[in-house]
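The next block holds one structure in the form of structure tokens; read it before the comments.
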Amino acid sequence: MRLNLSTPIADLPRVGPQYQKRLKRLGIKTIRDLVFHFPRRYEDFSDIIPISQAEAGRIGCFLGKILEIKNSRTWKRKMTITQAVVSDRTGAIRVVWFNQPYITNVLKEKDIVCLVGKVARAKEGIYLSSPAYEKISSRGRAFSKRDLIHTARIVPVYPETEGLSSRWLRMLIMSILKNLKDRIPESIPEKIRKENKLLPLNEAIWQVHFPDSFELAEKAKERFSFEEIFFIELLVLSERLKINRQRAFPIPIDLKLCRQFVGKLPFQLTDAQKKAAWQILKDMEKPRPMNRLLEGDVGSGKTVVATLAFLSAVKTGFQAAFLVPTEVLAKQHFANVSDLLDDFKVKIGLLTGKEGRIKIGKEEVKISQKKIVDKTKEGEIDLLIGTHALIQDRVRFRRLAFVAVDEQHRFGVEQRARLCEGNAGQAKLIPHLLSMTATPIPRTLALTVYGDLDISIIDQMPKGRKKVITKIVSPKERGKTYDFIRKKIREGRQAFVICPRIEPVESSQGNASEKSNQGWAEVKAVKEEYKKLSKEIFPDLKVAQLHGRMKPEEKEKIMEQFSQGKIDILVSTSVVEVGIDIPNATIMVIEGAERFGLAQLYQFRGRVGRGRHQSYCFLLTSSYSRKTASRLRALISCENGFELAEEDLKIRGPGDFFGTRQWGVPDLAMSSFSDMFLVEKARNLAKEILEKDPKLKTYPGLAQHLALFREKVHME
Ligand code: ADP
Ligand code: MG
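The C-terminal residue of the sequence shown carries number 729 in the numbering used here, and the numbering is unbroken.
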């Protein structure tokens, strides 16, 4: 059977339903997926050790002739033992396999074999224990060295998943690569590939799976890293071009209005807020849609900045929308934004999956969701705040000019356009977009994943904020910490306890199966911690739990109760709602702190320290190394989330930095993000190409690959 990349795995004769299921857990459904399932690391068995030099305890590769081989049974332990003697020019060694009687059907006397395994010691002397074996020649028939898969070479080790051994994957991938016979179409234009000294695709695929040397394995990885970053750049830059070609309602800056708004605030804007607000207003003045990311730590005051933009859109006669990730947050923003706009007679609507509300000045009424939708369509609502319910098909605006999204990084042109389909006679217009996030994003990532966005940064906290006191707590000091927490709760405060995910060993990051396993591990950790805290440590307090496997309504309810102070301690997974403002919660306890990325820890800590009481963050560690300590100490000394993010990216690599792969970006590209040079090179090349040929008409191959890649990372 002649394979091609889109052949389903299910069509392979040796991959039965069981294996298909296991492969699917890794996200592997086609030959393409399999061929691009790269090893996690390699083991070097390319040196063949003379048998006379075999030493107990050492793993190595041996080559020799089978002098004898036979099965026997041990009656005591009911086991089959296969024993062989193998010799080379320097000596002979015993080889033992347990419970694999079929080996005698495969390996015969006089066969020349390559064996990889551990040398063990027994009373009778050393022996090779259950080695991997491959025949070099059998009854005069010799095999080529290129055919060796597991021995006498640098051997790939794949990310493990239950029931899929590296050995099995190696055999499968080798046979597929042989079948494909270098027929995989090249994805990088020849000229670019040559200029950048990148291996050709087919060569790189071979070398990444079955490298002839570590240098070549490295060269292969380099090629794939480059390719992925290059494609990401092509994607984001073409998105940017697309947006630049669109038109938007220009919203003139009304300085008087701005002054009025700022004058009514109960506080002074920070310089950073002023600067960000100005950049945003300047963008919105243009007839081209703004595409801007507003980054600022939790509590830095992004909402006020967005509110000024809402106000100026609305007062120019347009509608605006505010899209937020959860129901609780939607309500919170509805309350806060309408407070800020109290004096401006703005009609503000709330639309969630559960309810609709409307507020003008201080008047608030509940109305049906349908009414909200109707009023939005008729242009009666100035600002609509809501959850995803807001981008349902039925919601249409009459003259939407500006959309802000909170903690929701991507909102593609098509999505934006759809909201405007109702825009009276102006359906072609795209709203200005402001995307807000508290995730500090390092520069390389900002250029890549967010390369289509302009960025404003609020790098300054409002005056008078008390610094959160952060402490690293060793296992010995746990009791004391619990006492302290009890004391604070008695004083009326509340606490968060975050539980870590438990990392499975030896698995690839972010594959589908691991993600779901991780989810469960996290839930388990939360449940256990909840039991411990509620039953043993704080039986007298109200403890509740929150995790991703709960129904959305349950989660909402718990969050609501917590924000109303009905719960003292909330034990939750790391996925707990972002952006929630609970000023009375002043204690953040992070279990297994060493397992989180610094940026993540930083964000957790940001959930406290928002009210007038002194706040505390306790980093509880279960294993404590010098590296852990220095990482965690960076958190204590650090003032600025952005510096911290860059630092962490360097120390641990991006996978760890983000904790989870929220961007759907391929692993390899992620691991290259700290390479500014590579990123800039790829970006410049992508720019050059797109400037001359924005639709890639002269690069049909590239366009095709890009379409596939877009699907893979689903940027929109
Ligand atoms: P975030 O950036 O996390 O979204 P918010 O916009 O929710 O932050 O602001 C957090 C709190 O700080 C709010 O209660 C807000 O009213 C307040 N705030 C915003 N800007 C300032 C400021 N310049 N001075 C004092 N308090 C401010
Ligand atoms: Mg916020």
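C-beta: ideal position from N, C-alpha, C; glycine also.
Nothing here was measured: the structure is a model prediction, and the numbers come from that model.
Looking only at its chain, what residues have a beta carbon closer than 7 Å to the beta carbon of Leu698, apart from the 5 residues adjacent to it on each side? Against the sequence shown, residue 698 aligns to sequence position 685. Contacts found: Ile205, Phe243.
Quick one: grab the DSSP three-state call for His445. What you label residue 445 is simply residue 432 of the sequence shown in a count that begins at 1. Three-state DSSP puts His445 in a strand.
Opening and closing residue of the alpha helix (DSSP H) in which Gln574 lies: Position 561 of the sequence shown, counting from 1, holds the residue named residue 574. Here the alpha helix (DSSP H) through Gln574 covers 565 to 576.
Kindly indicate which three-state DSSP category Phe670 falls into: helix, strand or coil? Stepping through the sequence shown from its first residue, residue 670 is reached at position 657. Because the pLDDT of Phe670 is 39, which lies under 50, any placement of that residue in the model is unreliable, and the number read from its coordinates should be weighed accordingly. Phe670: helix per DSSP, three-state reduction.
Using the Cα positions of Ala612 and Arg253, report the straight-line distance between them to the nearest angstrom. Within the sequence shown, numbered from 1, the residue matching residue 612 stands at position 599. Within the sequence shown, numbered from 1, the residue matching residue 253 stands at position 240. Rounded to whole angstroms, Ala612 to Arg253 spans 28 Å at the Cα level.
Determine the direct distance from the alpha carbon of Lys194 to that of Leu161, and round the result to whole angstroms. Reading the sequence shown from its first residue, position 148 is the one you call residue 161. Reading the sequence shown from its first residue, position 181 is the one you call residue 194. If I take the Cα positions, the gap works out to 17 Å.
Taking 6 Å as the cut-off, is the C-beta of Val341 nearer than that to any heavy atom in ligand 1? Looking up residue 341 in the sequence shown gives position 328. Answer for Val341: no, Cβ out of range of ligand 1.
For the stretch 369 to 387 against the stretch 350 to 359, are there 3 or more C-beta pairs whose distance is under 8 Å? yes
Can you look up Asn84 in the DSSP assignment and give me helix, strand or coil? Translated into positions along the sequence shown, residue 84 becomes position 71. Of the three classes helix, strand and coil, the one that applies to Asn84 here is strand, per DSSP.
Out of curiosity, what's the CA-to-CA distance linking Pro707 and Asn257? Counted from its first residue, the sequence shown places residue 707 at position 694. Counted from its first residue, the sequence shown places residue 257 at position 244. Taking the straight line from one Cα to the other gives about 12 Å.
Three Cβ pairs or more, each shorter than 8 Å: is that satisfied between the stretch 272 to 292 and the stretch 310 to 319? yes
Considering just the uninterrupted stretch of the alpha helix (DSSP H) at Tyr629, what are its terminal residues? Along the sequence shown, read from residue 1 onward, the residue named residue 629 stands at position 616. Tyr629 -> not in any alpha helix (DSSP H); beta strand (DSSP E) instead, spanning 629 to 633.
How many angstroms separate the CA atom of Leu10 from the CA atom of Pro144? Outside the shown range of the chain, which is 14 to 729, sits residue 10, and nothing can be said about it.
With a threshold of 6 Å on Cβ separation, who are the neighbours of Ser85 within its own chain once the five nearest residues in sequence on each side are excluded? Position 72 of the sequence shown holds residue 85. Ile94.
Straight-line Cα distance separating Ser587 from Asp296: The sequence position of residue 296 within the sequence shown is 283, counting from 1. The sequence position of residue 587 within the sequence shown is 574, counting from 1. One C-alpha to the other measures close to 35 Å.
CB-CB length for Ile197 against Ile167, believed under 8 Å: The residue labelled residue 197 in the question sits at position 184 within the sequence shown. The residue labelled residue 167 in the question sits at position 154 within the sequence shown. Not confirmed; about 21 Å, so no contact.
Do the CB positions of Met474 and Leu307 come within less than 7 Å of each other? Within the sequence shown, residue 474 is the residue found at index 461, counting from 1. Within the sequence shown, residue 307 is the residue found at index 294, counting from 1. Not a contact, by the Cβ cut-off of 7 Å.
Check the DSSP bridge columns for Phe75 and list the partner residues they point to. Against the sequence shown, residue 75 aligns to sequence position 62. BP columns for Phe75 point to Leu128.
So what's Thr365 in DSSP terms, helix, strand or just coil? Numbered from 1 along the sequence shown, position 352 holds the residue referred to as residue 365. Here Thr365 sits in coil by DSSP.
Nearest to Arg429 by CA position, among Met303, Ile380, Ile44, is which residue? Along the sequence shown, read from residue 1 onward, the residue named residue 429 stands at position 416. The shortest C-alpha separation from Arg429 is found at Met303.
Is any heavy atom in ligand 1 found nearer than 6 Å to the beta carbon of Phe335? Here the question's residue 335 lines up with position 322 in the sequence shown. No, the beta carbon of Phe335 sits no closer than 6 Å to any heavy atom of ligand 1.
If you measure from the CB of Val48, is any heavy atom of ligand 1 nearer than 6 Å? In the sequence shown, the residue the question calls residue 48 occupies position 35. Incorrect: Val48 has no Cβ contact closer than 6 Å to ligand 1.
Determine whether the beta carbon atoms of Leu248 and Arg723 lie at a separation below 7 Å. Here the question's residue 248 lines up with position 235 in the sequence shown. Here the question's residue 723 lines up with position 710 in the sequence shown. In contact: Leu248 and Arg723 (Cβ atoms closer than 7 Å).
Residue nearest to Ala343 in terms of C-alpha spacing, selected from Gln332, Leu363, Trp181, Asp352: Here residue 343 refers to the residue found at position 330 of the sequence shown. It is Leu363 whose Cα lies nearest to the Cα of Ala343.
Go through the stretch 175 to 217 residue by residue and report every complete run of the beta strand (DSSP E) that reaches 3 residues or more, in order. none
One question on the structure: do Glu693 and Thr641 come within less than 7 Å of each other, judged by their Cβ atoms? Translated into the one-based positions of the sequence shown, residue 693 becomes position 680. Translated into the one-based positions of the sequence shown, residue 641 becomes position 628. Contact: no.
Enclosing alpha helix (DSSP H) for Ala97 [first to last residue]: Residue 97 sits at position 84 when you count from the first residue of the sequence shown. Ala97 -> not in any alpha helix (DSSP H); beta strand (DSSP E) instead, spanning 92 to 100.
Relative to the alpha-carbon of Ile471, which residue among Asn653, Gly77, Met563 has its alpha-carbon at the smallest distance? Residue numbering aside, residue 471 sits at position 458 when the sequence shown is read from its first letter. Cα-wise, what sits closest to Ile471 is Asn653.
When we look at the beta-carbon of Leu141 and count the other beta-carbons within 10 Å, is it buried (16 or more) or exposed? For the purposes of this step, residue 141 is identified with residue 128 of the sequence shown, where counting begins at 1. Looking at its Cβ environment, which holds 16 or more other Cβ atoms inside 10 Å, Leu141 is buried.
Rounded to whole angstroms, what's the CA-CA distance from Gly29 to Lys37? Just pull it up for me. Position 16 of the sequence shown, counted from the start, is the residue given in the question as residue 29. Position 24 of the sequence shown, counted from the start, is the residue given in the question as residue 37. Spanning the two alpha carbons is a distance of roughly 12 Å.
Between which two residues does the beta strand (DSSP E) containing Pro169 stretch? Indexing the sequence shown from 1 puts residue 169 at position 156. From DSSP, the beta strand (DSSP E) with Pro169 extends over 167 to 170.
Which residue marks the beginning of the beta strand (DSSP E) containing Tyr55, and which one marks its end? Start at 1 with the first residue of the sequence shown, and residue 55 comes out as number 42. 54 to 57 is the span of the beta strand (DSSP E), which, as asked, contains Tyr55.
Rounded C-alpha distance that separates Lys328 from Ile264: The count along the sequence shown starts at 1 and reaches residue 328 at position 315. The count along the sequence shown starts at 1 and reaches residue 264 at position 251. One C-alpha to the other measures close to 9 Å.
Comparing C-alpha positions only, which one of Ile106, Glu241, Val99 sits nearest to Val462? Numbered from its first residue, the sequence shown carries residue 462 at position 449. When only C-alpha atoms are compared, the closest one is Glu241.
Compute the distance between the beta-carbons of Ala348 and Val318, then report whether it is under 7 Å. Counting from 1 along the sequence shown, the entry for residue 348 is found at position 335. Counting from 1 along the sequence shown, the entry for residue 318 is found at position 305. Cβ distance not < 7 Å, so Ala348 and Val318 don't count as in contact.
Less than 7 Å between the C-beta atoms of Ala334 and Ala326, yes or no? Reading the sequence shown from its first residue, position 321 is the one you call residue 334. Reading the sequence shown from its first residue, position 313 is the one you call residue 326. The answer is no: Cβ separation not under 7 Å.
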